[in-house]
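Enquirer: Under UniProt numbering, the final residue of the sequence shown carries the number 381; numbering is consecutive throughout. The beta-carbon is built from N, C-alpha and C at its ideal position, and this holds for glycine as well. Before I ask anything, let me first share the structure, which is written out below as structure tokens.
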Amino acid sequence: MPRITDKLIREMLTPKEGQKIERDNLVTGFGVRKTATGHTAFIFSYTSRGRDRRMTIGQYPAWSVVAARQMAAKLRLRVDAGDDPLDEQQVARAEYTLEQLWERYEKLVLPRKAESTQKDERSLWRRLILPKLGRRRLSHIRPGDVDAFHLGISATTPVQANRCIASIRHAFNMAIRWELVSSNPVTGIKKNSERPRQRYLDDLERARFVAALDAREDTPSVLALHFLLLTGARRGEVLKARWEQIDFVQEAWIKPSAHTKQRRLHRVPLSNAAMAVLRRARALSDCEYIFPGKNGEALTEIRKTFSAVCREANISGLRIHDLRHSYASALVSRGASLPIIGGLLGHTQVSTTARYSHLADEAMRRATNLLGEEADGSEDD
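Here's what the structure looks like:
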């Protein structure tokens, strides 16, 4: 049995068929293989649990003789300790990467969420998470890796960094459920502080916004904006609304669970003004969608109209979703209770509606001041 050297490899004859193997006399199991196609590679052979095993270390000359022999020596030590390197290699190949987990998560979990949430999560994974961690095997992702990822993104987009961590945590929780991993590395990470956005139309802005809408010809996008302002519904709920969801007798909108963020059926009483908008929409089209787009499908985009209306009304810094906040703030200022507002908006958590509590305080303060003024008047008498 010779010692494997570069000279020995160069002098090895290429077999006419099959392969030729030379064994090394220094490391048991180490060898070099040449095939009929002329490819040369270093190999390691061993026996584990009564089975003859052989694995490829690497191609020659990409691997030097010295490096390949050193690897073979390490493998020999593992075999002597009772390990089976080939089994471990196969397990590693079978183990999910984070990208593969995302593909499964996207297919099985994401469809249960609201469409806007699906869109946001896909964007986070494709822009931020996968480029950094996608190729990592799940067992190789440590808490420190996730922490470093969070810190890196926090430098420019702290809120999105929080959203990334929340999504990765959920994905790993599902991986535990699917028995792909036994633990979740997203632990002990301190979220970046977030200031809740509190932009809504005051009464003067609201009047200008409505006037700008009224100055425009009735179109599905104009009427959809009217309806958003009068119902506080989410954009996706309004744009996908169908006539079959409207109870004209009870004057209510029954949102199907598939269209709501909470995935629950939500019945909403409609105001006289909202019903008037529906009648105007009915006069435009008999399509199944209340606010149809091209070819009778649901309207998908209203941002262009919204931006134009904001310019005409001299309103800045407003998003479409802020119409929902404006609806809630208008109700609070007119004395509606937070539980009533939460019911109209479809909130399942009291804490979600609590963002309007400071407005409720102002409404109550005005009410108690009225009583105080009456008392002052009585004392003067």
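Just to confirm my understanding: we take D380, look at its own chain, exclude 5 residues before and 5 after, and list those with CB closer than 6 Å. What are they?
Expert: Here the model assigns D380 a pLDDT of 49, short of 50, so the residue's position is not dependable, and the following value carries that caveat. Nothing listed; no residue qualifies.
Enquirer: Just checking my contact of G29 with S45 at CB under 8 Å: how many whole Å lie between their CB atoms?
Expert: Yes, G29 and S45 are in contact; Cβ-Cβ is about 5 Å, under 8 Å.
Enquirer: To the nearest angstrom, how far is the alpha carbon of R142 from that of L128?
Expert: Distance between the alpha carbons of R142 and L128: 18 Å.
Enquirer: What separation, rounded to the nearest whole angstrom, lies between the Cα atoms of Q19 and M71?
Expert: Rounded to the nearest angstrom, the two C-alpha atoms are 22 Å apart.
Enquirer: Taking only three categories from DSSP, how would you classify V186?
Expert: Three-state result, V186: coil.
Enquirer: Specify the secondary structure class of Y105 as computed by DSSP and reduced to three states.
Expert: Residue state, collapsed to three classes: helix.
Enquirer: Less than 7 Å between C-beta atoms, sequence neighbours within five positions excluded: which residues of the same chain meet that for T14?
Expert: Around T14: K34, A36 and G38.
Enquirer: I need the boundaries of the beta strand (DSSP E) containing M275, first residue and last residue.
Expert: Element bounds for M275: not the beta strand (DSSP E) but the alpha helix (DSSP H), N272 to L284.
Enquirer: Distance, Cα to Cα, M1 vs G82?
Expert: M1 and G82: Cα-Cα distance of roughly 26 Å.
Enquirer: Is the separation between the beta-carbon of residue 386 and that of L201 shorter than 8 Å?
Expert: Residue 386 is absent from the structure shown; the chain starts at 1 and stops at 381.
Enquirer: Have a look at V277 and R242 and give me their C-alpha separation to the nearest angstrom.
Expert: The straight-line gap from Cα to Cα measures roughly 14 Å.
Enquirer: Taking buried to mean at least 16 other C-beta atoms within 10 Å of its own C-beta, is P269 buried or exposed?
Expert: Its Cβ having fewer than 16 others within 10 Å, P269 is exposed.
Enquirer: What would DSSP say about S329, mapped onto helix, strand or coil?
Expert: If DSSP states are grouped into helix, strand and coil, S329 belongs with the helices.
Enquirer: With H, G and I counted as helix, E and B as strand and the rest as coil, what does DSSP make of G31?
Expert: Strand.
Enquirer: Is it buried or exposed for N25, if we count other Cβ within 10 angstroms and need 16 for buried?
Expert: Result: exposed.
Enquirer: Pairing CB atoms from the region 99 to 115 with CB atoms from the region 142 to 152, are three or more of them under 8 Å?
Expert: Not touching, per the Cβ criterion.
Enquirer: Look at A283 and R208 and say whether their C-beta atoms are less than 8 Å apart.
Expert: Not closer than 8 Å, so no.
Enquirer: So within the region 206 to 272, which uninterrupted beta strand (DSSP E) runs reach at least 3 residues, ignoring any that extend past its ends?
Expert: The qualifying runs are 252 to 255 and 266 to 269.
Enquirer: Find the nearest neighbour of L228 within the set W125, L344 and A166, judged by alpha-carbon distance.
Expert: L228 has its Cα closest to that of L344, out of W125, L344 and A166.
Enquirer: Using CA atoms only, rank isn't needed, just tell me which of K16, L225, E205 and A62 is closest to I315.
Expert: Of the candidates K16, L225, E205 and A62, the one whose C-alpha sits nearest the C-alpha of I315 is E205.
Enquirer: Tell whether a beta-carbon distance below 8 Å holds between S271 and L230.
Expert: Yes, the Cβ-Cβ distance between S271 and L230 is below 8 Å.
Enquirer: Starting from F44 and walking both ways along the beta strand (DSSP E), at which residues does that stretch end?
Expert: T40 to S48 is the span of the beta strand (DSSP E), which, as asked, contains F44.
Enquirer: Taking the C-alpha atoms as reference points, what is the distance between D52 and K74?
Expert: Near 18 Å, if we compare the C-alpha coordinates of K74 and D52.
Enquirer: When burial is assigned at 16 or more other CB atoms within 10 Å of the CB, is E17 buried or exposed?
Expert: The residue is exposed, with fewer than 16 neighbouring Cβ atoms inside 10 Å.
Enquirer: Is it the case that the Cβ atoms of I153 and V186 are separated by a distance below 8 Å?
Expert: In this structure, V186 does not lie closer than 8 Å to I153 by Cβ.
Enquirer: Sorted by chain position, which residues of the same chain lie with C-beta nearer than 6 Å to G236's C-beta, five sequence neighbours on each side aside?
Expert: Same-chain partners within the cutoff: E115 and S116.
Enquirer: By how many angstroms is the C-alpha of R199 removed from the C-alpha of S378?
Expert: Because S378 sits at a pLDDT of 49, beneath the cut-off of 50, its placement in the model cannot be relied upon, and the point is left open.
Enquirer: Buried or exposed, going by whether 16 or more other CB atoms sit within 10 Å of the CB of L77?
Expert: That one is exposed.
Enquirer: With DSSP collapsed to three states, give me the class of A313.
Expert: The answer is coil: DSSP assigns A313 none of H, G, I, E or B.
Enquirer: Beta-carbon within less than 6 Å of E194's beta-carbon, same chain only, minus the 5 sequence neighbours each way: which residues are those?
Expert: So the qualifying residues of the chain are V159.
Enquirer: Look at the alpha carbon of V332 and the alpha carbon of G342, and state the distance between them as a whole number of angstroms.
Expert: About 11 Å.
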